[in-house]
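Numbering (my numbering), first residue to last: 11 to 648.
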């Protein structure tokens with residue numbers, strides 16, 4: 011009996027060892043690269059097919075975490091980063107165990123169901139947004155391996171108001187590897203709400219309407235947050251030295267669209283043929299085209315502009331992506347220093363002439379976000395970093411790339427954004443590099459590209475009716491040679507005041523000034539100084555034109571609005587920053603006859619710098635749209 015008990019116990023131990031070995035062996039196989047990513051998935055591969063939707067991970071920034079995806083069956087797995095990430099939430103990482111065939115299924119947005127993509131930045135019906143290619147167009151080549159995405163690039167964005175979903179989908183392009191934003195964080199300095207004498211253009215013809223208001227150049231909204239600006243030393247230069255306005259003009263006229271900007275779509279569309287035809291017609295426009303509403307001397311080529319404008323009116327169709335939650339998307343801000351982006355969004359959304367609900371018929375695709383609201387909602391005061399703003403836009407872009415084929419068709423060359431906030435060039439520098447950017451901060455040293463990007467006029471609006479008191483005194487009644495008033499933003503204005511404040515009775519150079527006196531000085535001066543602040547752009551350019559004061563732009567490498575159309579040297583004066591000590595002598599050296607021509611031409615271009623409650627032919631809305639249209643037309647390779 012004792013022998014029998016001993017054998018029984020020995021057999022039991024042997025069975026336990028065998029079972030333990032099998033279990034350990036199974037766990038080991040979980041991490042081997044098998045056809046469906048893991049051992050159990052390979053055994054039950056039939057269960058995996060129905061779970062091949064896009065990543066859909068919802069993150070609640072109050073602390074909750076709703077996981078709706080298998081960790082091993084998605085192209086992006088989930089890994090805890092609580093020990094290193096201050097947000098205390100889990101981040102997404104590429105699933106390197108995913109087999110190539112599975113990655114191809116993820117990349118193919120033209121087949122199957124991607125209905126689970128909707129939660130991220132999206133308040134549309136997800137079933138309404140799946141847009142297939144036309145039946146006569148082949149699908150583009152699919153990626154053979156998942157893109158590599160850095161953790162920091164797809165990190166969730168903290169918000170104090172919304173529950174934001176983070177979704178990452180693979181690129182459906184031949185260049186699937188994402189360029190990571192690994193440049194060091196810029197050095198920044200903090201700026202609170204300040205006062206500045208850039209005038210908000212009033213809604214009546216009475217300049218006293220705004221009396222008592224202290225002007226605010228690049229003012230913040232009432233959320234009390236701080237803004238940061240990069241110091242000049244922190245900027246990564248795109249050009250060396252200073253490019254004069256004459257050189258910019260010659261660059262545009264000699265080779266307005268270099269060969270490196272020409273695009274060949276992955277597959278053709280009917281819209282491409284329209285653009286190619288428009289390009290040919292613009293280039294061959296008859297030189298005798300005239301329009302009583304256009305004064306030829308202020309344009310580079312009035313005939314080409316007229317023909318291009320006509321073709322835009324006849325053919326241009328734009329699709330606005332419906333994805334994106336308010337307030338960052340689809341909610342224009344119509345007041346303040348960055349109002350140009352909001353007025354454009356508002357008027358484009360109301361346009362029946364240019365919009366289409368069928369993206370297959372679109373020539374251009376609009377990314378409808380507010381760069382101002384993005385800063386107010388997403389930027390973390392005191393963080394001294396653009397990372398969260400960049401990541402927020404990148405997550406939105408991943409959604410667009412994954413849901414629609416259109417970005418991948420041209421790598422974004424037929425997409426455009428309109429952004430007036432100073433940070434927009436940095437926020438969109440990498441992932442949105444190929445799209446057309448209409449920017450107030452149009453700085454050659456910030457990466458602005460001739461022939462692709464467009465300069466957006468900055469207008470400070472304090473009323474929902476942007477009409478304003480136009481005009482000013484006749485030349486003979488303009489008793490001051492030059493005028494400037496404003497806060498000491500940036501490095502140029504302190505130099506201007508150092509040399510000219512209280513130095514000469516004809517040079518009215520001040521710090522802050524109330525709005526009423528500011529307008530009176532503009533209307534009583536021959537030249538209005540438009541000195542850069544933290545960035546190259548300033549609303550004074552538009553204000554000067556509104557009050558028929560010849561703008562004197564002191565802002566090196568600033569690309570003025572509508573440069574592809576307007577000959578700025580016929581109605582403005584450009585002074586390099588290094589020449590501020592000689593400012594008076596430069597202005598006095600301009601002959602009276604030349605000044606009178608400049609003054610007259612300012613009145614002729616005034617129509618292009620006006621916003622109206624409803625768009626009016628040749629006004630700011632149409633000229634912004636024309637700049638985007640024109641650049642897209644000339645990016646198409648013949």
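Backbone N, C-alpha and C fix where the C-beta goes; we use that ideal spot for every residue, glycine too.
- Under the criterion of beta carbons closer than 8 Å, residue 364 and residue 327 qualify as touching, at roughly 7 Å.
- CA-to-CA, the gap between residue 497 and residue 424 works out to about 39 Å.
- With contacts defined by Cβ atoms closer than 7 Å, residue 569 and residue 458 form a contacting pair.
- Restricted to the segment 541-588, the beta strand (DSSP E) segments that are unbroken, complete and at least 3 residues in length are 560-564, listed in chain order.
- When C-beta atoms of the segment 369-387 are compared with those of the segment 417-433, three or more pairs fall below 8 Å, so the two segments count as touching.
- For residue 253, the three-state secondary structure derived from DSSP is coil.
- At the C-beta level, residue 493 and residue 535 come within 7 Å of one another.
- When secondary structure is reduced to three states using DSSP, residue 533 falls in the helix class.
- The segment 504-520 makes contact with the segment 587-595: 3 or more CB pairs, one atom from each, lie closer than 8 Å.
- Taking the C-beta atoms as reference points, residue 469 is found nearer than 7 Å to residue 552.
- At a Cβ-Cβ threshold of 7 Å, residue 293 and residue 409 do not count as neighbours.
- The continuous stretches of alpha helix (DSSP H) do not include residue 479, and DSSP gives it neither H nor E.
- Residue 615 is positioned such that its CB atom lies closer than 7 Å to that of residue 581.
- In the same chain as residue 499, and ignoring 5 residues on each side of it, the C-beta atoms closer than 6 Å to its own belong to 543, 544, in chain order.
- For residue 300, there is no enclosing alpha helix (DSSP H), since its DSSP letter is neither H nor E.
- For the pair of segments examined, the segment 333-352 was found not to touch the segment 280-287: the number of CB pairs separated by less than 8 Å stays below three.
- Annotated as distal: residue 558 and residue 461, with beta-carbon spacing of 7 Å or more.
- Taking the C-beta atoms as reference points, residue 342 is found nearer than 7 Å to residue 355.
- When DSSP assignments are scanned along the segment 480-531, the uninterrupted stretches of alpha helix (DSSP H) that are 4 or more residues long and fall wholly within it turn out to be 502-510.
- In terms of Cβ geometry, residue 274 and residue 647 form a close pair [threshold 7 Å].
- Of the residues assessed, residue 501 falls on the exposed side of the cut-off, its CB having fewer than 16 other CB atoms within 10 angstroms.
- Under the 10 Å beta carbon count, residue 23 is surrounded by fewer than 16 other beta carbons and is classified as exposed.
- Within the segment 300-361, the complete alpha helix (DSSP H) segments at least 4 residues long are 312-325, 349-359, listed from N- to C-terminus.
- Sequence-distant partners of residue 253 (beyond 5 residues in either direction) whose C-beta falls short of 7 Å from its own C-beta, in its chain, are 454, 567.
- In this structure, the alpha-carbon of residue 530 lies about 46 Å from that of residue 372.
- When the alpha-carbon of residue 446 is set against those of 272, 588, 577, 258, the nearest one is in 272.
- Residue 285 is bridged by DSSP to nothing; it lacks a bridge partner.
- Taking the Cα of residue 300 as reference, the smallest distance to any Cα among 612, 637, 317 is reached at 317.
- When DSSP states are grouped into helix, strand and coil, residue 432 belongs to the coil group.
- Here residue 376 carries a strand assignment [DSSP, helix/strand/coil].
- With a threshold of 16 other beta carbon atoms within 10 Å, residue 298 falls short and is exposed.
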